[in-house]
Amino acid sequence: MASTTSSSRSSSKKLRILLIPFFATSHIEPFTDLALRLAAAANPGATVEATVAVTPANVPIVRSLLERRTHDAAGSEGMPVKIATYPFPAVDGLPRGVENLGKAAPADSWRIDAAAVSDALMHPAQEALVREQSPDALVTDLHFVWNVGVAEELGVPCVRFSVIGAFSSLAMRHLELLASDVAGGDPDPDVVAVVPRFPGPPVRMPRTELPEFLRRKAEVDCSTTNPFYAAQADCFGLAVNTFSDLEQHYCEMNTRQGYVKRAYFLGPVSPRPSPAAVGAGGGGGCTDWLDSKPDRSVVYVCFGSLAPVSDAQLRELALGLEASGRPFLWVVRAEKWTPPEGWEERVRGRGLMVTTWAPQTAILGHQAVGAFVTHCGWNSVLETVAAGVPVMTWPLVFEQFITERLVTEVLGIGERLWPHGAGVRSTSCTEHELVPAEAVARAVTAFMAPGGPGDAARGRVMDLAAKAHAAMAEGGSSRCDLRRLVDDLVEARRAAGGIKSVLAPIENPFHV
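Residue numbers (my numbering): 690 to 1201.
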């Protein structure tokens, strides 16, 4: 019976791919976009059926994105991508139903991170899901190292998908070589690490701007048995949401250094921004407001869906944007914060504050937007590159300070909002000094001045925008890598033949 089932599946014209993202919107959305790309990929040997697997509380994120992308609200059966679910484990101290970093209180976000990498908490539910789905291939987030072994046991290829660019991922890997020099002790911004064995200009990182896991010596494992990098080497291949012309030297390092067996650079996986989508997507009346502004006059400000910004810092930012005299569209994700008294009246007509969801790719694609104040989350970097909009950088957490170096020092498509030496910046909010309103106003005014640094950066980012669109077009590097990935997975299934293991599934009642 098992061999009959295996044989029929190996000869099927349908390639079933299961994708499992980490518990953050910044991961779930590119995984869903990749699923859509895979489902649309043409291959003479198979059609692709893609399924995104999330925990129940994260289903609305996937469904909402699918509806926006396909303009089909009829439910998952009418969409090109399916949704499957598995249970989020009970975690001490974490309220039931909180299953996304963006929904967790700042003091509890570490609990989601810890659960995600816990073999005891997360492995059983994900393995049950994979066995139940019995896919032909698995695409997993980097956190879930056990999925490489699960896929191997089932006889199917496992591809790890990185939603962070090649530059930042490799920089963190190489910085681990210096972990004993930068970890432990009191925070000292004068301790600077230089990323070793890295191409391009030297990448210097003050200790306070390193991801916190690199600053805790006990948590760093630089040995060759590090399970994260062992899984990277053992898996079928690594896919990255980037394109070769953006990070060419760093993309090439993955295979040249023997870090992975195969590498696929598929980005940007999100669709090209469309100004018309602003009106369709809502966003607090963005359409009419942007339409009323001159070309390239508006400063767009958004710090993503994850890291919180203190009330005190929001106040300084509000006053700085006001003092800059420039038109601005500011997306604020702070439920209880209110602007300074009289501020909304003073900026009325010149500034628009949006407190609901905003269609970022469409906003960036609008001709009125002239600059983007960004936290340097990788999705935002790709979106601003695709739109050809220069940036002012304001990183907050994890790898964002490293990504800032790529943006400002390697690509030259923007500048730091708070200049070197102005104050301490840190991946820990308790160490990060307040950026004063005067600094915000000064930076925005200088960057947006005619013939200023914003214009110089715009020329470079518009060149990259053309390359990004070319990469995703027919015959482009990312389109070819996507097709190569599907071809390789089809060939892997064909080569496996009847070897694919069909084991009794572990019951998983959670599915959509």
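Quick reminder that beta carbons are idealized off the backbone N, C-alpha and C, glycines included.
Keep in mind it's a predicted model, so treat the numbers as computed, not measured.
heavy atom of the ligand MN below 8 Å from residue i C-beta
i, result
"T897", "Judged by which ligands are present, the structure shown has none, so any question about the ligand MN falls away."
Residue i and residue j closer than 9 Å at C-beta
i, j, result
"D825", "L704", "yes"
"L1106", "M1137", "no"
"L669", "L1010", "Since the first residue shown for the chain is 690 and the last is 1201, residue 669 is missing from the structure and cannot be characterised."
"T1116", "F1087", "yes"
"V828", "I709", "yes"
"E1127", "S959", "no"
"A735", "K771", "no"
"A996", "C1118", "yes"
"V852", "F992", "no"
"F917", "G956", "no"
"L1053", "I1102", "no"
"A773", "A742", "yes"
"R951", "G926", "yes"
"G854", "N930", "yes"
"L755", "P778", "no"
"R896", "R904", "yes"
"C975", "V1043", "yes"
"E1209", "V1113", "Outside the modelled stretch of the chain, which goes from 690 to 1201, sits residue 1209, for which no answer is possible."
"R1172", "N836", "no"
"A928", "F833", "no"
"S798", "W1067", "no"
"P795", "P745", "no"
"S1013", "V1129", "yes"
Beta bridge counterpart(s) of residue i as assigned by DSSP
i, result
"L927", "R849, A952"
"R705", "E738"
"R1037", "G1040"
"V1080", "F1061, G1103"
"L899", "Paired residues: none, contrary to the question."
"I772", "V741"
"L755", "None; L755 has no bridge partner."
"A803", "None, per the DSSP bridge assignment."
"L827", "L707, C847"
"D883", "A small fix is needed here, since residue 883 is Val in this sequence, not Asp. Answer is R893."
Pairwise C-alpha distance: residue j and residue i
i, j, result
"W856", "S999", "The question names Trp, but residue 856 in the sequence shown is Phe. So the two alpha carbons sit approximately 29 Å from each other."
"N747", "E718", "11 Å"
"E898", "E941", "26 Å"
"R726", "L1008", "42 Å"
"G971", "R1094", "Here G971 scores only 46 on pLDDT, less than 50, and its place in the model is too uncertain to base an answer on."
"A763", "F711", "Because the pLDDT of A763 is 41, which lies under 50, any placement of that residue in the model is unreliable, and the number read from its coordinates should be weighed accordingly. Their backbone Cα atoms lie some 26 Å apart in a straight line."
"D781", "A803", "11 Å"
"G968", "Q946", "Bear in mind that a pLDDT of 47 at G968, under 50, signals an unreliable position, so the number given afterwards is only what the model happens to contain. Each residue's alpha carbon lies about 46 Å from the other."
"Y948", "D934", "20 Å"
"V1099", "P890", "7 Å"
"G1110", "V1078", "26 Å"
"P1016", "G1040", "5 Å"
"V819", "V848", "14 Å"
"S765", "R1037", "Unreliable positioning characterises S765 in this predicted model, as indicated by a pLDDT of 41, which lies under 50. A coordinate reading is not provided."
"V1074", "T1050", "10 Å"
"G1140", "I706", "49 Å"
"T1045", "A882", "39 Å"
"P1142", "R1131", "13 Å"
"D1170", "D1177", "10 Å"
"R758", "A729", "13 Å"
"P900", "Q1089", "8 Å"
"E1180", "S1166", "21 Å"
"K1025", "E1034", "19 Å"
"G1186", "G838", "19 Å"
"V1096", "A1145", "14 Å"
"S858", "I801", "21 Å"
"D923", "L831", "13 Å"
"V806", "P784", "19 Å"
"T1027", "Q1002", "12 Å"
"R1183", "V1150", "42 Å"
Within-9 Å CB hit, residue i to chain D
i, result
"L866", "Checking the listed chains, one finds no chain D in this structure; it contains a single protein chain."
Practice item. Take every Cβ of the region 884-891, pair it with every Cβ of the region 857-864, and state whether three or more of those distances are shorter than 8 Å. Key: yes
Review point. Would you call the region 785-795 and the region 816-825 in contact, with 3 or more CB pairs under 8 Å?
Key: no
Exercise for review: Pick out the complete beta strand (DSSP E) segments inside the region 980-1033, 3 residues or longer, and give them in chain order.
Suggested key: 987-991, 1017-1020
Check your understanding: Would the region 1057-1069 and the region 983-999 be scored as touching if the rule is three or more Cβ pairs under 8 Å?
Key -> yes
Check your understanding: Which runs of the alpha helix (DSSP H) fall wholly inside the region 1131-1163 and span at least 4 residues, in chain order?
Key -> Secondary structure in the region 1131-1163: the alpha helix (DSSP H) runs of 4 residues or longer, each lying completely within the stretch, are 1142-1161 in chain order.
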